[in-house]
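What follows is one structure encoded as structure tokens, with my remarks underneath.
2 protein chains.
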Amino acid sequence: MEAETQARFELRTRIIKALAHPTRLFMIDELSRNERCVCELTEMVGADTSTVSKHLAILRGVGLVQDEKRGVQVYYKLRVPCVLNFFDCVESVIKANASEQLRLVE
Amino acid sequence: MEAETQARFELRTRIIKALAHPTRLFMIDELSRNERCVCELTEMVGADTSTVSKHLAILRGVGLVQDEKRGVQVYYKLRVPCVLNFFDCVESVIKANASEQLRLVE
DNA sequence: TGCCTCCTTGGTAATTCTACCAAATCGCCA
DNA sequence: TGGCGATTTGGTAGAATTACCAAGGAGGCA
């Protein structure tokens, strides 16, 4: 694989990796409906604040979400709605797999 | 986060994680154009055969690709074309980030 | 100013991922 | 049958990821 090709796929990988965690996926799903402050997300996720903050930093780092400080709180919102289409695709893979497994059993 | 919600996002994460590696991304891109045997992919990627085989096993494990043995070779092909749309989305994130950085510099 | 809440950053132990080498398996053909 | 090339599987060292606790700002308010 050429160096430039390698670099291009590494760039893409960085963004995909940022998505590759249940908590981060959940937060993106939530942020697609409403902007939320860290404390709200922390409450919903049910993990340590520092953990949630670090997950958000990862999403922010690759440009998937945007933050905005308002007073003492920090609000996050989704910056790239098109990732939602992808979730539909992922969902279709899951369904296809399930159907296939069912077919094999019957 | 409820247990069921957690489970749903973990299921999605498994598929996204399978995508989260430059070599696997490269192979999916290649397989979207042509089916390929392991030896061809190994040649293109430029890694050990066992490494490539393991990457393919990961993609196969989540149902993203399909394998078919023909004689002594094993051919792989993409099972879920919709992931390609996602790459466009990822690309748009990269472009948006680059534009933003440019804006900040100017 | 002093304090309280919200959030981020450091540090660390445990888990997971990855690449390569070795060894096993499989199909083909002399 | 024996050998050969293609592929997978086992094993392992090194790198990366993740969760939590502690500590460090930052903003608002008495």
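These protein sequence lines are chains P and B, in that order.
At position 71 of the first sequence (counting the first as 1) the number is 71 in this note's numbering, and the numbers step up by one without a gap.
For this note's numbering, add 106 to where a residue sits in the second sequence, where the first one is 1.
A virtual CB, placed ideally from N, CA and C, is assigned to each residue, including glycine.
These numbers were taken from a predicted model, which means no experiment stands behind them.
Taken through DSSP and simplified to helix, strand or coil, D29/P comes out as helix. In this structure, DSSP gives R79/P a state outside helix and strand, which the three-state scheme calls coil. T129/B counts as buried, since at least 16 other C-beta atoms from the protein chains shown sit within 10 angstroms of its C-beta. By the rule that beta-carbons nearer than 8 angstroms mark a contact, N203/B touches chain P. For A124/B, the number of other beta carbons within 10 angstroms of its own is at least 16, and it is reported as buried. The Cβ of S156/B sits no closer than 8 angstroms to any Cβ of chain P.
V171/B and K160/B do not touch by the CB rule: their CB atoms are close to 13 angstroms apart, not below 8 angstroms.
The beta carbons of V90/P and R185/B sit about 13 angstroms from each other, so the pair does not count as a contact at 8 angstroms. Closest option to S99/P, judged by alpha-carbon separation, among H127/B, A113/B, G169/B, C145/B: G169/B. Of K201/B, I200/B, P187/B, E108/B, the smallest CA-CA separation from S138/B is found for P187/B. Taken through DSSP and simplified to helix, strand or coil, D88/P comes out as helix. Of all residues in the region 181–193 of chain B, the ones placed with a Cβ closer than 8 angstroms to any Cβ belonging to chain P are R185, V186, C188, V189, N191, F192, F193, in chain order. Each residue's CA atom was taken as its position, placing C143/B and V180/B some 5 angstroms apart.
In chain B, no part has a C-beta under 9 angstroms from the C-beta of I58/P; the shortest such distance is about 12 angstroms.
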